[in-house]
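Data block below; observations after.
Here you go:
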């Protein structure tokens, strides 16, 4: 079944730890995104990718990094977690239509991160 | 630049109608609408494109005023399942091009009571 997956769903970790949030999609989409969302608030784009070996920073400054080595996989890494990183992280993907505009985005279930 | 949504919250009884507005200070290429239920991921509702094209679910209607950079989402004969937070997202573009990135508004909380 075509879908988008995120692991872990919940993560509680201490300050200074390195973490990687996983995101995989089986829809064959070229475009993938990472959003950060605090409870009840708007989504902020932190990273996006238009394809393999393509990554860009989003509108919200983030200390995280991403990689896109395979089409289906778009992991997000925090080298040294801090309490200010506590938030929900949502991964999304969309199909590249070729006409230049962003198409329907499919979201994963999210990872709720708590840094103590 | 983040689009502005209004109202911030709406409370309805089943069967009532609601309109949610989204406005931008920049020329828009497209407007997207998503609904997010508590504890869940956002779900796509509709895309409205510059030039009049729309893609979305049949039961959802919306408008896009390109000159005013405004969009409205119309929820008619509301059902309990309509409850959630509605986000508009905008793609900035001019002259037929799109810069691709989706910027979301702050959200409108819709609550439908029996």
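Protein chains in written order, with the working numbering: chain A, 7 to 122; chain B, 138 to 251. For glycine and all other residues, C-beta sits at the position ideal for the given N, C-alpha and C.
Could one say the Cβ of residue i lies closer than 8 Å to chain B's Cβ atoms, at least one of them?
i: residue 48 of chain A; result: yes
i: residue 113 of chain A; result: yes
i: residue 54 of chain A; result: yes
i: residue 65 of chain A; result: yes
i: residue 119 of chain A; result: no
i: residue 17 of chain A; result: no
i: residue 51 of chain A; result: yes
i: residue 28 of chain A; result: no
i: residue 116 of chain A; result: yes
i: residue 69 of chain A; result: no
i: residue 78 of chain A; result: no
i: residue 85 of chain A; result: no
Buried or exposed: where does residue i fall if 16 or more other Cβ atoms within 10 Å of its Cβ makes it buried?
i: residue 157 of chain B; result: buried
i: residue 160 of chain B; result: buried
i: residue 168 of chain B; result: buried
i: residue 228 of chain B; result: buried
i: residue 116 of chain A; result: buried
i: residue 98 of chain A; result: buried
i: residue 49 of chain A; result: buried
i: residue 41 of chain A; result: buried
i: residue 145 of chain B; result: exposed
i: residue 138 of chain B; result: exposed
i: residue 53 of chain A; result: buried
i: residue 179 of chain B; result: buried
i: residue 212 of chain B; result: buried
Please confirm whether residue i has its beta-carbon closer than 8 Å to some beta-carbon of chain A.
i: residue 178 of chain B; result: yes
i: residue 243 of chain B; result: yes
i: residue 181 of chain B; result: yes
i: residue 224 of chain B; result: yes
i: residue 196 of chain B; result: no
i: residue 240 of chain B; result: yes
i: residue 184 of chain B; result: yes
Under 7 Å: does the beta carbon of residue i sit that close to some heavy atom of the ligand GTP?
i: residue 38 of chain A; result: Of the ligands one can find in the structure shown there are none, so the ligand GTP has no counterpart to examine.
With residue i and residue j assumed to form a contact (beta carbons below 8 Å), what rounded beta-carbon distance in angstroms separates them?
i: residue 247 of chain B; j: residue 141 of chain B; result: Actually they are not in contact, since the Cβ atoms of residue 247 of chain B and residue 141 of chain B sit about 17 Å apart, beyond 8 Å.
i: residue 210 of chain B; j: residue 219 of chain B; result: Not confirmed; about 11 Å, so no contact.
i: residue 181 of chain B; j: residue 101 of chain A; result: Not really, about 12 Å apart at Cβ, beyond 8 Å.
i: residue 62 of chain A; j: residue 24 of chain A; result: Actually they are not in contact, since the Cβ atoms of residue 62 of chain A and residue 24 of chain A sit about 23 Å apart, beyond 8 Å.
i: residue 149 of chain B; j: residue 215 of chain B; result: 5 Å
i: residue 165 of chain B; j: residue 203 of chain B; result: 7 Å
### Query
the stretch 87–100 of chain A: which residues have C-beta closer than 7 Å to a C-beta of chain B, in chain order?
96
### Message
With a threshold of 8 Å, are at least 3 pairs of Cβ atoms found where one atom belongs to the stretch 11–22 of chain A and the other to the stretch 49–64 of chain A?
### Response
no
### Message
If contact is defined by three or more beta carbon pairs under 8 Å, each pair taking one atom from either stretch, is the stretch 75–90 of chain A in contact with the stretch 22–37 of chain A?
### Response
yes
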